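A.B. asks: Line by line, the protein sequences give chains U and L.
This note's numbering numbers the first residue of the first sequence as 1 and each following residue consecutively.
This note's numbering numbers the first residue of the second sequence as 113 and each following residue consecutively.
Here it is, the structure in full.
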Amino acid sequence: TQLLEQSPQFLSIQEGENLTVYCNSSSVFSSLQWYRQEPGEGPVLLVTVVTGGEVKKLKRLTFQFGDARKDSSLHITAAQPGDTGLYLCAGEGETSGSRLTFGEGTQLTVNP
Amino acid sequence: NAGVTQTPKFRVLKTGQSMTLLCAQDMNHEYMYWYRQDPGMGLRLIHYSVGEGTTAKGEVPDGYNVSRLKKQNFLLGLESAAPSQTSVYFCASSRQLYSNQPQHFGDGTRLSIL
């Protein structure tokens, strides 16, 4: 069973601060996805990273896939209250047909 | 512009009762999934389907059954509900089976078993 550990589990910051969320595993993934989930709604895909070392940017969000494809990070610059939500990482195993493994999530609260 | 629709949104059951959760998608996706989300445990796959008439077990299938009689619908059944099945259930669909494809989620069904 592949496990994905996210840290921190909870994060409360002030508007304008920077933050980094981590997603770690001892297993190699063929790809990794980041989702954001708001209260009362389902997760929504933010980005997919596929290549080791890959960096993708989505406005103030920067996603990085580790060189060995075992870990990933999400960095948010100048956080805003609208960034509040549960951030989930999900990795796809290397074996064909492997299911997505979800991390337990990081609950981010950005206070005005 | 519905995407994935789940019904009902909330339900309270007594132990031993049965019920069916409904999921409908209008994106013509082949693949559909049922997950449960519990605090501190992320999303865990219950069952999935790779096409009309097919289903397969996921990570936590015990106590649940599913059916995919029509391509757009995926039903999740609880034959005899137990308190351990109290959770938020999410249905999702995708164009391909994983392979970097995004999964499109419904807004969830919040189920409490007393």
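Positions of the beta carbon are idealized from the N, C-alpha and C atoms, including for glycine.
As the structure is a prediction and not an experimental result, all values here were calculated from the model.
For the segment 35-65 of chain U, list every residue whose C-beta sits within 9 Å of some C-beta in chain L, in sequence order.
C.D. replies: Residues passing the 9 Å Cβ filter: Y35, Q37, G40, E41, G42, P43, V44, L45, T48 and V50.
A.B. asks: Are the CB atoms of G42(U) and G175(L) nearer to each other than 7 Å?
C.D. replies: Position 42 of the first sequence, counted from the start, is the residue given in the question as residue 42(U). Position 63 of the second sequence, counted from the start, is the residue given in the question as residue 175(L). Not a contact, by the Cβ cut-off of 7 Å.
A.B. asks: Taking D219(L) as the query, report the chain U residues whose CB atoms sit under 9 Å from its CB, ordered along the chain.
C.D. replies: Counting from 1 along the second sequence, the entry for residue 219(L) is found at position 107. Here the neighbours are G40, E41 and G42.
A.B. asks: Apply the 10 Å Cβ neighbour rule to E104(U) and answer buried if 16 or more other Cβ atoms are within range, or exposed otherwise.
C.D. replies: On the first sequence, residue 104(U) is found 104 positions in, with the first residue counted as 1. Classification of E104(U): buried, given that the 10 Å Cβ count is 16 or more.
A.B. asks: Please name the residue, chosen from N24(U), P81(U), L11(U) and S12(U), that lies closest to D67(U) on a Cα-to-Cα basis.
C.D. replies: Working through the first sequence from its first residue, we reach residue 67(U) at position 67. The option with the nearest alpha carbon to D67(U) is N24(U).
A.B. asks: In terms of DSSP beta bridges, what is L223(L) paired with?
C.D. replies: The residue given as residue 223(L) occupies position 111 in the second sequence. Answer is R123(L) and S199(L).
A.B. asks: Name the two residues that bound the continuous beta strand (DSSP E) containing A168(L).
C.D. replies: Mapped onto the second sequence, residue 168(L) falls at position 56. Counting along the chain, the beta strand (DSSP E) containing A168(L) begins and ends at T166 to K169.
A.B. asks: Tell me which residues share the same chain as K169(L) and place their Cβ nearer than 7 Å to its Cβ, disregarding the 5 neighbours each side in the sequence.
C.D. replies: Along the second sequence, one-based indexing puts residue 169(L) at 57. Closer than 7 Å at Cβ, skipping near neighbours: H159.
A.B. asks: Rounded to the nearest angstrom, what separates L133(L) and Q118(L) at their Cα positions?
C.D. replies: Locating residue 133(L) in the second sequence gives position 21, counting from the first residue. Locating residue 118(L) in the second sequence gives position 6, counting from the first residue. Between L133(L) and Q118(L), the C-alpha separation is close to 7 Å.
A.B. asks: Please name the residue in E92(U), T77(U), T101(U) and G91(U) whose C-alpha comes closest to that of Q14(U).
C.D. replies: In the first sequence, the residue the question calls residue 14(U) occupies position 14. Checking every option, the nearest Cα to that of Q14(U) belongs to T77(U).
A.B. asks: Would you call the CB atoms of Q33(U) and A79(U) closer than 7 Å?
C.D. replies: What you label residue 33(U) is simply residue 33 of the first sequence in a count that begins at 1. What you label residue 79(U) is simply residue 79 of the first sequence in a count that begins at 1. No; because the gap between Cβ atoms is not below 7 Å, this pair is not in contact.
A.B. asks: Can you tell which of G189(L), V200(L) and G154(L) has the C-alpha that lies nearest to the C-alpha of G128(L)?
C.D. replies: Position 16 of the second sequence, counted from the first residue, corresponds to residue 128(L). Ranking G189(L), V200(L) and G154(L) by Cα distance to G128(L) puts G189(L) first.
A.B. asks: From this set, E164(L), Q208(L) and P195(L), which residue's C-alpha is nearest L125(L)'s C-alpha?
C.D. replies: Taking the first residue of the second sequence as 1, we reach residue 125(L) at position 13. It is P195(L) whose Cα lies nearest to the Cα of L125(L).
A.B. asks: Does G82(U) come out as helix, strand or coil in the three-state DSSP assignment?
C.D. replies: Counting from one through the first sequence, the residue named residue 82(U) turns up at place 82. Correct three-state label for G82(U): helix.
A.B. asks: Just the chain L side, please: which residues come within less than 8 Å of G105(U) by C-beta, in chain order?
C.D. replies: In the first sequence, the residue the question calls residue 105(U) occupies position 105. Those within 8 Å of G105(U) in chain L are G154.
A.B. asks: Pick helix, strand or coil for T77(U), following the three-state DSSP scheme.
C.D. replies: One-based indexing of the first sequence puts residue 77(U) at position 77. In this structure, T77(U) counts as coil in the three-state DSSP scheme.
A.B. asks: Tell me which residue opens and which closes the beta strand (DSSP E) that V50(U) is part of.
C.D. replies: Stepping through the first sequence from its first residue, residue 50(U) is reached at position 50. Where V50(U) is concerned, there is no enclosing beta strand (DSSP E), given that its DSSP letter is neither H nor E.
A.B. asks: Return the first residue and the last residue of the beta strand (DSSP E) that H159(L) is part of.
C.D. replies: Position 47 of the second sequence, counted from the first residue, corresponds to residue 159(L). Note, H159(L): beta strand (DSSP E), G154 to G163.
A.B. asks: For the beta strand (DSSP E) that contains E5(U), what are its first and last residues?
C.D. replies: Looking up residue 5(U) in the first sequence gives position 5. From DSSP, the beta strand (DSSP E) with E5(U) extends over E5 to S7.
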